[in-house]
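Just so we're aligned, residue 1 is where the sequence shown starts under this note's numbering, counting upward by one. All residues carry an ideal CB built from backbone N, CA and C; glycine is no exception. The model shown is predicted, which means the values in this text are computed figures rather than measured ones. A quick write-up on the structure given underneath.
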Amino acid sequence: MELHGKCTIFAEGCRGYLSKQILEKFKLVNHPLTFGVGFKELWQLDPARHKPGYVEHTMGWPLPLNEYGGSFIYHIVDEGLPLAQVGFVVGLDYKNPYLNPFQEFQKWKTHPSIREQLEGGKRLGYGAHAHNEGGFQSVPKVTFPGGCLVGCSASLLHVAKLKGVHTAMKSGMLAAESIYSEINEEASWWLGGLLYTGIFIVLGRGKEPWTLQFGKKDHERLKKKEECKAFTNMCLKKTIHRKCVYKSMLQNVFTANTDTVSMEHEVLFEDVVQLRI
Numbered sequence: 001m002e003l004h005g006k007c008t009i010f011a012e013g014c015r016g017y018l019s020k021q022i023l024e025k026f027k028l029v030n031h032p033l034t035f036g037v038g039f040k041e042l043w044q045l046d047p048a049r050h051k052p053g054y055v056e057h058t059m060g061w062p063l064p065l066n067e068y069g070g071s072f073i074y075h076i077v078d079e080g081l082p083l084a085q086v087g088f089v090v091g092l093d094y095k096n097p098y099l100n101p102f103q104e105f106q107k108w109k110t111h112p113s114i115r116e117q118l119e120g121g122k123r124l125g126y127g128a129h130a131h132n133e134g135g136f137q138s139v140p141k142v143t144f145p146g147g148c149l150v151g152c153s154a155s156l157l158h159v160a161k162l163k164g165v166h167t168a169m170k171s172g173m174l175a176a177e178s179i180y181s182e183i184n185e186e187a188s189w190w191l192g193g194l195l196y197t198g199i200f201i202v203l204g205r206g207k208e209p210w211t212l213q214f215g216k217k218d219h220e221r222l223k224k225k226e227e228c229k230a231f232t233n234m235c236l237k238k239t240i241h242r243k244c245v246y247k248s249m250l251q252n253v254f255t256a257n258t259d260t261v262s263m264e265h266e267v268l269f270e271d272v273v274q275l276r277i
């Protein structure tokens with residue numbers, strides 16, 4: 001594929017296929033980024049348990065104290081149906097190889113506060129995706145020769161407020177305005193930008209005193225299995241059959257309604273991939 005536009009805007013979301021290559025090729029990242037994996041289910045609730053507008057956020061359980069993650073449950077109404085958006089996010093810098101983020105999501109739904117809302121309901125849909133978790137210090141350089149990054153491709157998720165749609169939209173608007181201005185008008189701010197780049201990028205190499213940094217990539221924090229304890233199932237089987245809130249991976253893949261092109265497959269950057277724990 002050849003792109004002949006004067007400036008191409010990449011808005012692939014977190015860990016986009018092309019964006020990952022751009023970050024590496026143009027060396028836009030000065031220190032490791034950090035991510036999380038988020039799971040989301042759409043439930044149709046028992047009308048007696050549905051509270052339109054109800055919001056609940058949690059942190060911690062069932063994750064161990066040395067890992068981070070959180071959840072949400074939003075009661076909504078769509079075409080008269082009593083629905084709930086249920087989600088759980090786990091930081092991908094976890095150290096214990098026995099930790100299974102999907103299983104932790106299922107365990108979370110067995111908590112009395114959450115289970116009480118889901119009992120008698122029906123799960124309608126499922127999805128999962130990577131999330132930016134680094135905040136401001138994980139924002140890479142967003143411009144490069146011939147293009148720019150916006151939205152979650154540029155790690156613009158506001159982690160503290162659990163919001164990202166507004167920053168994605170605004171970054172796209174600013175990118176369009178800047179490109180239009182550069183193509184049609186003479187630049188009037190280049191001197192100030194050049195001065196800042198010279199002082200803080202060339203000399204400081206992105207290590208300004210007000211910028212916190214992550215020392216390692218997420219996967220580099222994973223320990224050997226011999227150094228960790230296996231996670232227990234917490235007697236989930238009884239809860240699964242009695243409460244019907246726990247769903248298997250295969251059940252959720254089916255309800256994800258993923259539509260792929262024939263012969264489409266995952267692309268590995270290495271011919272031989274070895275999984276080592």
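- [ ] Measure the C-alpha to C-alpha separation of Arg276 and Gln117 and round it to an integer number of angstroms.
- [x] Note that Arg276 scores 49 on pLDDT, short of 50, meaning its location in the model is unreliable; the coordinates nonetheless yield the value given after this. Straight-line Cα distance between these residues: approximately 40 angstroms.
Open item on the list: Do Trp61 and His111 have their beta-carbon atoms positioned less than 8 angstroms apart in this structure?
Closed with: Yes, they are a contact pair.
Task: Simplified DSSP state of His75, which is helix, strand or coil - done: strand
Task: Beta-bridge partners of Gln21, as assigned by DSSP - done: Answer is none; Gln21 lacks a bridge partner.
Open item on the list: Within a Cβ cutoff of 7 angstroms, which residues of the same chain sit near Gly134, ignoring the five residues on either side of it in sequence?
Closed with: Leu33, Thr34, Ser155 and Phe214
- [ ] Kindly indicate which three-state DSSP category Asn132 falls into: helix, strand or coil?
- [x] Asn132: strand per DSSP, three-state reduction.
Task: the stretch 120–133 contacting the stretch 1–19, beta-carbon criterion three pairs below 8 angstroms - done: Because the criterion of three Cβ pairs below 8 angstroms is met, the stretch 120–133 and the stretch 1–19 touch.
Task: Tyr94 - DSSP class collapsed to helix/strand/coil - done: coil
Open item on the list: Taking the beta carbon of Ile183 as the centre, do at least 16 other beta carbons fall within 10 Å, making it buried, or is it exposed?
Closed with: exposed
TODO: Below 8 angstroms on the Cβ atoms is my guess for Val150 versus Ser178; work out the distance and round it to an integer in Å.
DONE: With 8 angstroms as the limit, Val150 and Ser178 do not qualify as a contact, their Cβ atoms being about 11 angstroms apart.
Open item on the list: Determine whether the beta carbon atoms of Asp101 and His50 lie at a separation below 8 angstroms.
Closed with: The displayed chain sequence assigns Pro, not Asp, to residue 101. No, Cβ-Cβ distance for Pro101 and His50 is not below 8 angstroms.
Task: Outcome for His4 when other beta-carbon atoms lying within 10 angstroms are tallied against a minimum of 16 - done: exposed
TODO: Grab me the residues of Gly120's own chain with a C-beta within less than 6 angstroms of its C-beta, minus the 5 sequence neighbours each way, in chain order.
DONE: Asp46
Open item on the list: Once the 5 residues before and after Glu2 are set aside, which same chain residues still bring their CB inside 7 angstroms of it?
Closed with: none
TODO: List the endpoints of the continuous alpha helix (DSSP H) containing Trp108.
DONE: Pro101 to Trp108
Open item on the list: Spatial neighbours of Val55 within its chain, please: C-beta separation below 6 angstroms, excluding the five flanking residues on both sides.
Closed with: Excluding its 5 nearest sequence neighbours in each direction, Val55 has C-beta neighbours in its own chain below 6 angstroms: Tyr74, listed in chain order.
Task: Three-state secondary structure assigned by DSSP to Lys161 - done: coil
Task: Among Val142, Pro52 and Lys161, nearest to Ala175 - alpha-carbon criterion - done: Val142
Task: Glu182, DSSP secondary structure in three states - done: helix
- [ ] Take Leu28 and list the residues in its own chain whose beta-carbon comes closer than 6 angstroms to its own, dropping the five residues that flank it on each side.
- [x] Pro140 and Lys141
Task: Of the listed residues Lys229, Ser138 and Val165, nearest to Gly36 (C-alpha basis) - done: Ser138
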